[in-house]
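Heads up: take any position in the sequence shown, counting from 1, add 840, and you land on this note's numbering.
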Amino acid sequence: NEIRQQTDIPPNLDVQEASPDQINKKLKPGTVHQGVLLNASPLPEVSLETVTASGKPIIVLDQVTDPRNIGAIIRAATVFGAGGLIMTRHNSPASGGALAKTASGALEKMPLVRVANLARCLESLAEAGYLTCGLDEDGTQWLGDIPRDQPIACVMGAEGKGLRRLTKENCTQLVRLTASDASSFATLNVATATAVALYEIVR
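Written as structure tokens, this is what we have:
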């Protein structure tokens, strides 16, 4: 049809014309769109073993709940070549809506693992040879001084409350984002802090 002729829509996708009202009825109230709706299958589940096998840096989120922050983190992780993103199965947003929109296509490129028990996940990362570094403003060492002789999993806490006690206890070590004792980590949102940490890890 005319729509297919004007676009690069793959021939295996079914195209249906719809009015704005018809599209709005299928979306949550207030959702912003540009007149196009795609009904897509959920992204495949990825195992922790698949992510650790890459040996690349991994980002671990400790109950970060803001979908836009997570979307921005996924974009940064993709740009800096991270091997995957780990989130808690509970107290984390779904992989759609604002998260997917903010990720701007990076969600389909970044392996995403959801775990029920973050403390056990950190133990598994350590067993797989990863150095699990929890970013904390009271960290005893600067991230830039961490040896690069083993892959790094960077553990980020939620804004405000930061890393939970049990998460801190299961990290290999707590690190700060700046070289000086007067850390500016507390003034950065989690997405910005993650991007800075990834840059420091891969540079």
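From the three backbone atoms N, C-alpha and C, an ideal C-beta is built for every residue, glycine too.
- In this structure, Asn-879 keeps its C-beta atom at 8 Å or more from the C-beta atom of Asn-1029.
- For Leu-971, there is no enclosing alpha helix (DSSP H); the residue is found in the beta strand (DSSP E) stretching over 971–975.
- At the C-beta level, Leu-925 and Leu-888 stay beyond 8 Å of one another.
- Between the C-alpha atoms of Ile-986 and Ala-940 there is a straight-line separation of about 32 Å.
- In the structure shown, Gln-981 falls within a strand segment according to DSSP collapsed to helix, strand and coil.
- Put simply, the backbone Cα of Ile-914 is about 16 Å away from that of Pro-884.
- For Gly-924, the secondary structure class from DSSP, reduced to helix, strand or coil, is strand.
- Residues Pro-991 of the same chain have their beta carbon placed closer than 6 Å to that of Gly-895, with the five preceding and five following residues left out of the count.
- In the assembly as shown, Ala-943 is a buried residue. Its beta-carbon has 16 or more other beta-carbons within 10 Å.
- The C-beta separation of Pro-907 from Gly-937 comes to about 6 Å, placing the pair in contact by the 8 Å criterion.
- Considered as a whole, the stretch 877–904 harbours 888–892 as its complete alpha helix (DSSP H) runs of no fewer than 4 residues, in chain order.
- Under the three-state reduction of DSSP output, Ile-992 falls in the strand class.
- Taking one beta carbon from each stretch, the stretch 967–979 and the stretch 859–874 have fewer than 3 pairs nearer than 8 Å; the two do not touch.
- By the neighbour-count criterion, in which a residue is buried when 16 or more other Cβ atoms sit within 10 angstroms of its Cβ, Asn-1010 is buried.
- Annotated as proximal: Cys-973 and Leu-983, with beta-carbon spacing under 8 Å.
- Between Thr-918 and Ala-946, the gap from beta carbon to beta carbon is short of 8 Å.
- The three-state reading of DSSP puts Gln-874 in coil, since its state is none of H, G, I, E or B.
- Secondary structure of Gly-1002 (DSSP, three-state): strand.
- Pairing Arg-988 with Arg-960, the inter-Cα distance amounts to about 24 Å.
- In the structure shown, Gly-997 adopts extended strand secondary structure according to DSSP, grouped into three states.
- Arg-1016 and Glu-1040 have their alpha carbons spaced roughly 12 Å apart.
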